[in-house]
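Take a look at the structure set out below.
Protein chains: 2
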Amino acid sequence: MLEQAKSYRTYPAGTTIVGAGEMLTHFSSIVIGCATLSRTLEDGRRQNVGLLLPSDYIGRPGRSRSAFDVVALSDTVLCRFERTEFEKICRTTPHIASRLLTMTLDELDAARDWTVVLGRMTAREKVASFLVNLARRQSRVDMAPLPENGVTVRLPLSREEMANHLGLTIETTSRQITALRKSGLIDTQGSRYIRIPDFEALAIEAGDDEDGGLIV
Amino acid sequence: MLEQAKSYRTYPAGTTIVGAGEMLTHFSSIVIGCATLSRTLEDGRRQNVGLLLPSDYIGRPGRSRSAFDVVALSDTVLCRFERTEFEKICRTTPHIASRLLTMTLDELDAARDWTVVLGRMTAREKVASFLVNLARRQSRVDMAPLPENGVTVRLPLSREEMANHLGLTIETTSRQITALRKSGLIDTQGSRYIRIPDFEALAIEAGDDEDGGLIV
DNA sequence: GGGCCGGTTTGATTTCGATCAATGCGGTCC
DNA sequence: GGACCGCATTGATCGAAATCAAACCGGCCC
């Protein structure tokens, strides 16, 4: 059933996997790599609405077109099911459907959490929140708990893509990273690696009252 | 089955239906009224992450606590199912589960759309977007198509709640409404009624390239 | 009526992030 | 090596929205 319908496909970094409004022939999940879900306004303003990491899925049963652009940030391998085939599987395998619902509800919570960041946080808090979220997700993907002292995060995005995620410009994003470094909250190693010496301290800077449990 | 497990409950305007982090004993849907889904940061900043109108639901199978505050804006009647009972129904009635998935996917798209508004739009565009969205949703609830000329929207929220929805302050929200009125894009009748003489014009102001079809 | 009270509007000023504009930095190609 | 190119950082200035502060308005109670 599931096994037979499965196929894999690789997208090089920078490729558009699906454009907004285009047909989504497959339901896929990310095996390796990283992609963004974004929208571009006519005048060129762009906003990322999601960051897809391994185990995240693309596409949805019952909707044939994508509402957003899906762009591979790094070389990305997708595990794919033909959409109508997948819908059939959903109907006949309650367990899959229920798992999908749980994942979707989690994504909904994450999207709403992000809404708070975009609507009410300062540039500094936005950057701090993003790093905290990314560190949590990466530790979850790696199946390793956050080390007590010193986490290193690999940024899968350029400054421009970070800015699009945060609703900021490249310049302010860069300035805030510099500012966080000067405050001793982070350490930079090239532009793609950030070490967080005290995770709790950064989480506080992110205005994150919640206990950042790994399992959400 | 469904019929027997059902109960109704009314919440007066201003009441908190569930607080963030509290137990969610029921899965409910709004019958009459209007509620917000919001989060408050320690320093008092507040962001609405959703506006719940009739037919929207509150709660989720598989999660016992609410991630957000749910507050009734007007007197609100909920149709409720005991949560564990509802989960049982979901497992045994694939049709319900699949309907719930569709609704959740729609909410996810809406949350992501809103993310774009919060992240990249100006105050004027935010207010215009909100009015356009609200008009579309109200016309859907009323099951009536948007009249070609002149829609009147009843705002179920105060300026403060609008500001919390838009990631703005009360003052800028109010100023933008005044500005849209002076531009002839809207007409105000008291602070809770807004008439939109030319819906398309307002949609353009909202940076809305999409054809705002009623059925999404 | 008059006074109060909550919400809304309007005004003056400040501030944070955007914009405009260099400069820096690492990699690659000649 | 040197020139170039794409990205990132830093600097100077501008502007949109926040903040501070004052009217305004409608409803309600005395």
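So the protein lines, in turn, are chains A and B. At the far end of the first sequence sits residue 216, using our numbering, and the numbering has no gaps. At the far end of the second sequence sits residue 432, using our numbering, and the numbering has no gaps. We treat Cβ as the ideally placed atom computed from N, Cα and C, and that holds for glycine.
Length of the line joining the Cα atoms of residue i and residue j
{"i": "Ser158 (chain A)", "j": "Arg192 (chain A)", "result": "8 Å"}
{"i": "Glu376 (chain B)", "j": "Val116 (chain A)", "result": "16 Å"}
{"i": "Ile420 (chain B)", "j": "Glu3 (chain A)", "result": "47 Å"}
{"i": "Val70 (chain A)", "j": "Ala206 (chain A)", "result": "27 Å"}
{"i": "Arg397 (chain B)", "j": "Arg340 (chain B)", "result": "11 Å"}
{"i": "Val132 (chain A)", "j": "Arg140 (chain A)", "result": "12 Å"}
{"i": "Asn48 (chain A)", "j": "Ala251 (chain B)", "result": "28 Å"}
{"i": "His381 (chain B)", "j": "Met121 (chain A)", "result": "14 Å"}
{"i": "Ala128 (chain A)", "j": "Leu155 (chain A)", "result": "13 Å"}
{"i": "Thr178 (chain A)", "j": "Met319 (chain B)", "result": "42 Å"}
{"i": "Ile194 (chain A)", "j": "Ser183 (chain A)", "result": "14 Å"}
{"i": "Thr368 (chain B)", "j": "Asp142 (chain A)", "result": "52 Å"}
{"i": "Ser290 (chain B)", "j": "Ile233 (chain B)", "result": "12 Å"}
{"i": "Ile215 (chain A)", "j": "Asp403 (chain B)", "result": "In this predicted model, Ile215 (chain A) has a pLDDT of only 33, less than 50, meaning its place in the structure is not dependable; the value taken from the coordinates is given anyway. So the alpha carbons of these two residues sit roughly 49 Å apart."}
{"i": "Trp114 (chain A)", "j": "Pro270 (chain B)", "result": "25 Å"}
{"i": "Leu350 (chain B)", "j": "His311 (chain B)", "result": "29 Å"}
{"i": "Glu238 (chain B)", "j": "Phe284 (chain B)", "result": "9 Å"}
As assigned by DSSP and simplified to three states, the class of residue i
{"i": "Ile420 (chain B)", "result": "helix"}
{"i": "Cys295 (chain B)", "result": "strand"}
{"i": "Ala35 (chain A)", "result": "strand"}
{"i": "Pro228 (chain B)", "result": "coil"}
{"i": "Ala144 (chain A)", "result": "coil"}
{"i": "Ile177 (chain A)", "result": "helix"}
{"i": "Arg307 (chain B)", "result": "helix"}
{"i": "Ala344 (chain B)", "result": "helix"}
{"i": "Ala163 (chain A)", "result": "helix"}
Buried or exposed (CB count within 10 angstroms, at least 16 for buried), residue i
{"i": "Lys6 (chain A)", "result": "exposed"}
{"i": "Ser314 (chain B)", "result": "buried"}
{"i": "Gly167 (chain A)", "result": "buried"}
{"i": "Gln405 (chain B)", "result": "exposed"}
{"i": "Pro228 (chain B)", "result": "exposed"}
{"i": "Ser254 (chain B)", "result": "buried"}
{"i": "Ile248 (chain B)", "result": "exposed"}
Own chain partners of residue i with C-beta closer than 6 Å, once the 5 adjacent residues on each side are dropped
{"i": "Pro413 (chain B)", "result": "Gly366"}
{"i": "Ile58 (chain A)", "result": "Ser28, Val70"}
Residues near residue i in its chain [Cβ-Cβ closer than 7 Å; skip 5 each side]
{"i": "Ile386 (chain B)", "result": "Arg375, Glu376, Ala379"}
{"i": "Arg24 (chain A)", "result": "Sequence check: residue 24 (chain A) is Leu here, not Arg. Only Val18, Gly59, Ser64, Arg65, Ser66, Arg83 meet the Cβ criterion."}
{"i": "His26 (chain A)", "result": "Gly59, Arg80, Phe81, Glu82, Arg83"}
Beta-carbon contacts of residue i that lie in its chain and below 8 Å, excluding the five residues immediately before and after
{"i": "Lys342 (chain B)", "result": "Val333, Leu334, Leu382, Gly383, Leu384, Gln392"}
Contact test: residue i Cβ vs the ligand ATP heavy atom, cutoff 7 Å
{"i": "Ala251 (chain B)", "result": "Among the ligands in the structure shown, none appear at all, so the ligand ATP cannot be discussed."}
**Request:** Determine which residues of the region 322 to 335 of chain B have a Cβ less than 8 Å from any Cβ of chain A, and write them out in chain order.
**Result:** Answer in chain order: Glu323, Leu324, Asp325, Ala327, Arg328, Asp329, Trp330, Thr331, Val332, Leu334, Gly335.
**Asked** Can you list, in chain order, the residues of the region 169 to 193 of chain A whose Cβ is nearer than 7 Å to any Cβ on chain B?
**Response** Those would be none; no residue qualifies.
**Asked** What residues from the region 54 to 68 of chain A come within 9 Å of chain B, judged by C-beta to C-beta, listed N to C?
**Response** For the region 54 to 68 of chain A, the residues whose beta carbon sits under 9 Å from a beta carbon of chain B are, in order, Arg60, Pro61, Gly62, Arg63, Ala67, Phe68.
**Request:** Note down, in chain order, all residues in the region 23 to 46 of chain A with a beta-carbon under 9 Å from any beta-carbon belonging to chain B.
**Result:** Residues passing the 9 Å Cβ filter: Leu37, Ser38, Arg39, Leu41, Glu42, Asp43, Arg45, Arg46.
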